Amino acid sequence: MNEILIKNACVIDPISGINGEIMDIAVSDGRIVEEVGSGAEVIDAEGFLTLPGGIDSHTHICGTKVNFGRYMSPEDMRAGRTPRRGRMHSTSGYSVPTTYGNSYRYSGMGYTALLEGAMAPLEARHTHEEFAYTPLQDTMANVLFDGNWAIMEAVREKDTKRAAAIVGWTLAAVKGFGVKLTNPGGTEAWGWGKNVSSITDVVPYFEVTPGEIIDTMIRATEMLALPHSVHIHCNNLGLPGNYRTTLDTFDLVPDLNRKRQTLYATHVQFHAYGGTSWSDFCSKAEEITRSVNEKPQIVIDMGQVMFGKTTTMTADGPMEFNLYRLHHNKWSNHDVELETGSGIIPVLYRRKNLVNSIMWAIGLELALLTKNPWQCLLTTDNPNGAPFVRYPEIIGLLMSRKYREAEFATIHPDTEHRVSLPSIERELDWQEIAVMTRAGQARALGIVDIGKGRLAPGAEADIAIYPLKIGEVDPGREYERVIEGFRQTEYTIKRGRIVSRRGECLVWGNNTTIWVKPKISERYDMAQDPAFVEKFDRYYTVRMRNYPVQEEYLKRNLCIETETEL
Amino acid sequence: MRVTLQVKPRKKPFLPIEAETIVPAHFLDGTDLVVWKGNRELPLSDVFSVTVEGTAETADEVEITMRGDTSRIKRVGEYMEAGRIVIEDDIGMHCGNFMSGGTIEIGGNADGWLAREMRGGSIICRGNAGNYCASGYRGEKRGMTGGTVEVFGNVGDFAAETLAGGCVVIHGSAGDMAGTEMRGGTLRIEGDCTRVCGNMTAGTCYVFGTVHDMLPTFRRRGTAVHDGVTLTAFTGDIANRGKGNLFVRDYKYMD
Amino acid sequence: MVTVEDGRIVAADNACTLGEQKFLGEPRLKGPIQREGKGWKDITYDEAILRTVEMLRDAERPLLFGWSGTHVEAQCIGVHMAEVLRGVIDNTSSVCHGPSILAIQEVGHPGCTLGQVKNRADLVVYWGCNPIEAHPRHLSRYTRYAEGFFLPNDYLDRTVIVADIRKTETGNIADEFVQVTPGGDYAVLSALRAIVRGKRDIIPRSVAGVPREQLFRIADRCLNAKFIAFYFGLGLTMSRGKYKNVRNAIELVSELNRHTKATISAMRGHYNVYGSNEVNTWMTGYPFGIDFARGIAFYNPGETTAIDVLARRECDACLVVASDPAAHFPRACVEHLADIPTVVIDPYPNATTAFADIQIPVAVTGIDAAGTAYRMDGVPIRMRRVLKTDYPSDEEILGRMYAMLQEDHPP
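Residue numbers (the numbering used here), protein chains in the order written: chain A, 1 to 566; chain B, 1001 to 1255; chain C, 2001 to 2411.
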């Protein structure tokens, strides 16, 4: 039996209500336990900050679109290359690293679970193949339903149960985790080079609105009792004045779940824009967070932008085309039949650019103006706002007004007239950072019950020990020490094994893909629905029997079966 | 300081040697340097007889002479900032990549990617240069950004691709698609070429010979006299919203 | 539908002509063979694996080539082998659609899955390709003769334009055939881009054999279409200018997206060449032509691609997996293969066998081995096993080799 005793850990575990206590943590067989035998390996944590393993609830790391980002960017690949060393394979890339590059860098920063934000069901096998080569984290994939023909038909017929049945069948078939809506309705319109411009706009041919799709999918998700809520990328991403669409979307959301939010809105920075054009572009983070503060049924993540080069990639095909017209750099697009779309372009966020400066400020405002840290999680929508390796700097910015002021002095001078950031005094504390980087994610994804995001006995032994003594660092003044501390753990422990020691990964890996299978009665089994099967075989280019992802693609995995109303 | 590197005979002479260590600055600290032969690391002295005469305080005072069959030695002068390298015969691929200062003189021919992504300094090649002379890297928008490259012979295809700054002079002829995707700098071709400057957005190109298969998407603006020769002036590439300047003595379209 | 008798496939119904050849293909080697004098001797799988590993270990610059005819799982092991050996790994892209990849790396790729084309494309352009011969099912499944959701009257609802240097069979079934002077594709595409941008005035009377009026007509057909699917083949990638031709076609399609919906895709060859590109990309960052000599991945097609490495005699051992370079490569390349130790892993004897020192027969993916392949539009497909034989799979053979190589480099 593999046992570890971590002594003198300074633990922050918000879910268990532990805030900075010096204590020992016993680990046996991959789980946290009350005590271990005398033969356990002892790690002296020396009073260092010890947190549950980091969880990224919205990142793009595996699958068709991510790999196309790599494929089209040899210039990005040469920006970060390491050779094979010890148990680490070679890596390449900065904003879209190879799978090993992602896995090692996340692990070095203490991350032990990742949610791929957008998987097209038709191409799910690809995502799972890359998961197998992302060895040091547990992985989950949100499944795209934004332009799903069968779903839109069910919405048009106002048949929520049928929509739920389709979601249930698809999730189980493609071994997905949750429901993702990316620019709902817009990706189907993009099949004709068009888009939708509000939640009441009508999708060509299907005669449904984004609002109707969102409402039906929220109810279907709760009907299926999925661990995670609907996960939305709102319509109109990146456009001046889009905050109204975001607020309209939030206003649609009922409070239907006692354990978690009813809607998870991702990368809200990109959806909190005022103005009517780029010339009067400004922040509407105050309006957005006012709505979030009133609605416990909503959780958002930041989608923080950081200055520098990166690659943007999303299922939102029309949005990427707009970006392409703005930047006139390379542009890729990949529409997926009967389901969704996607687009990719490289970008450079510049300090001297007013729009980019305002975007940078908006992300921070969202985090600082959302009163409850459980409702605003730390992300960059990796790699869209910035590669995830920039997270430590974002923590620094949230914990230090002084750092924000120093950065503010270097950005476009007109920014101060367009944002409220300079007037915000709030500095987040260690506990709030722990919520925004792991505990909040675990609760929002609905994986606390399977042992994620906490360190109490019974939890999975996913632990990050950072070289930070919280009693000895004043984050407001010494933000550089905070950034350094979060950049690399002393130890990252995953499933009870030390996987990373000061950035050096020590095991080959093999972790768990978490997927969801709603229990659905035969009456609602879409595999036996003649109309569904007939349409599938007629309009897809793969046969329905070849569509489900076979068990061979799931190495180690955990299936969460849910009790449904169907 | 004068450093002489005389190539020794080696087994499997076709296997390339990667010798990015051969830049003047490195010899200020001695000759205990390594090169790579395929996947094996070798001391510099396994591949060359090394002789050093005199001393130097700075890289500017170092001159390296390479003798013998250097046609398979790659990456010589990479990231060079100062000093001088004289190659008596042919040189392998990637000579002078990312170079920002100093001088490289090649007595023979240069293989592909001579002066790729060069930033400054100067390279003279007495013979011919291969494909992608003074070009960029795959997927990168900007290639060479500064310095000068002068080739006395002919060059292969895609010379000065994505040129963004600096000056490239080809005394002989250029192959296909020289100056393609140019966005700055100056390209001067004394001889002939085909399909020059496709997709260019900015920069200036002179062709003193004939352009064969001239692209149809350049707008004729009249004539201009340059170095005493009357040239036809074009703007393009119109296909790409380009505003580059192309001057040619003679041209033929592919009808 | 496949009929099996005595462990051999004797009939394959409902397969296209290419599929039929694959199923009923020539006889397979019974076991590994090694060259002895002018002939061959039988060796065991254990001996063959050990000798291959020794060959690779000794090499200072091994080349691992092929990969397009095998499944993803084996391709992954291949990358790990190249990494631990510090060798060069490349696939058949360098002789087919490598130029398409280089073009995509410059300007991106507005594409889609085949179902989008089937259900929506009212205008299909085939440029420098002849699907009737090379991709026999393409027209009936996805374009000319396919029924789509928004195009219920297949033939009547769709317009097909074919551009090529001579009229092919596909040209015969087109609504419009565009005959381009050989080597003139780039100029014609540039002219179309300028027209789509509204610069009709600069177009000369004819461009590379195509009259101005026809250029205008094609551009108008594009601008008036609802959904354009542009397909190109080796006529574009392997003619003068290569990747710049493809780049120009992509930029035309990107430009058209300002006016309507347009997508572009390569008509790719080997059934799983795209799988090899995908695997290489997620594991090394680059789709083909990767040199691990220095430990890190270095990519420079024209230098690190198999044809160039072989023609310049820059490698000293070669492992060929699931492909036949001797049948497709220039003579200088094949001569070097003959000079250096070469091992072929392939179910069938082929032209490369004549230059090899050892050949190891394996199961065929989709017949007696299961595995993943990527369709040319990026959709991953599970290839099922329809026959049980004693042949080991590529994955098994390569897995054993990699395990031995790993022992040389304990972590």
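From the three backbone atoms N, C-alpha and C, an ideal C-beta is built for every residue, glycine too.
Since we're looking at a predicted model, the values are computed, not measured.
query	result
Spatial neighbours of A/Arg78 in its chain, beta-carbon cut-off 8 Å, leaving aside the 5 residues before and after	Ser92
Within 7 Å, strictly: CB atoms of C/Ser2100 and C/Val2273	no
Exposure of C/Glu2106, with buried meaning 16 or more beta-carbon neighbours within 10 Å	buried
Helix, strand or coil at C/Leu2064 [DSSP, three-state]	strand
Below-7 Å beta-carbon distance, A/Tyr540 vs any chain C residue	yes
Cβ-Cβ separation, C/Pro2287 to A/Asn333 (assumed contact under 8 Å), whole Å	The Cβ separation is near 18 Å, so there is no contact.
Under 7 Å between C-beta atoms of B/Val1211 and B/Leu1187	no
Contact under 7 Å by Cβ, A/Gln441 with A/Ser57	yes
Chain C contact for B/Lys1243 (CB, 7 Å cutoff)	no
Simplified DSSP assignment, three categories, for A/Lys535	helix
Straight-line Cα distance separating B/Thr1058 from B/Leu1114	25 Å
Exposure label - B/Ala1239; buried when at least 16 CB within 10 Å	buried
Residue environment, B/Gly1130, which counts as buried when at least 16 other CB atoms sit within 10 Å	buried
Segment limits, beta strand (DSSP E) that includes A/Glu116	111-119
C-alpha gap between C/Val2246 and A/Asp474, whole angstroms	57 Å
Minimum Cβ-Cβ distance from C/Pro2204 to chain B less than 7 Å	yes
The alpha helix (DSSP H) enclosing A/Met23, as first and last residue numbers	First-last for A/Met23: 18-28, but that is the beta strand (DSSP E), not the alpha helix (DSSP H).
Nearest to B/Ala1202 (by Cα), restricted to the options B/Ala1160, B/Pro1013, B/Ile1189	B/Ala1160
Interface partners of C/Asn2245 on chain B, CB under 8 Å	Going along chain B, no residue has its Cβ under 8 Å from C/Asn2245, so there is no contact; the nearest lies around 10 Å.
Secondary structure of A/Phe281, DSSP reduced to three states	coil
Best match in B/Gly1198, B/Asn1128, B/Arg1183 for proximity to B/His1171 [C-alpha to C-alpha]	B/Asn1128
Beta-bridge pairing of B/Trp1036 - partner residues as DSSP gives them	B/Glu1018, B/Glu1041
DSSP state of A/Lys402 mapped onto helix, strand, coil	helix
Given B/Lys1011 as reference, the closest of C/Ile2077, C/Glu2060, C/Ile2033, C/Gly2078 once Cα atoms are compared	C/Glu2060
For A/Gly53 and B/Gly1156, the rounded distance between their alpha carbons	55 Å
C-beta contact flag for A/Phe270 and A/Leu237 at 7 Å	yes
Chain B residues whose Cβ lies nearer than 7 Å to that of C/Gln2105	Arg1138, Gly1139
Cβ pair count under 8 Å reaching 3, the region 302-319 of chain A against the region 215-227 of chain A	no
Meets three-Cβ-pair contact criterion under 8 Å: the region 1118-1125 of chain B and the region 1136-1153 of chain B	yes
Where B/Lys1252 sits in the DSSP three-state scheme	strand
Where A/Gln137 falls: helix, strand or coil (DSSP)	coil
Supposed contact pair A/Asn2 and A/Gly341 - C-beta distance, whole angstroms, cut 8 Å	That pair is no contact at about 45 Å.
Contact list for C/Gly2184 against chain B, beta-carbon separation under 7 Å	Met1254
Cβ of C/Thr2017 within 7 Å of any chain A Cβ	Only weak support is given to the placement of C/Thr2017: the predicted model assigns it a pLDDT of 49, under 50, and the value that follows is read from those uncertain coordinates. Not one chain A Cβ lies under 7 Å of C/Thr2017.
Contact with chain B by C/Glu2133, beta-carbon distance below 7 Å	no
Three-state secondary structure assigned by DSSP to B/Cys1167	strand
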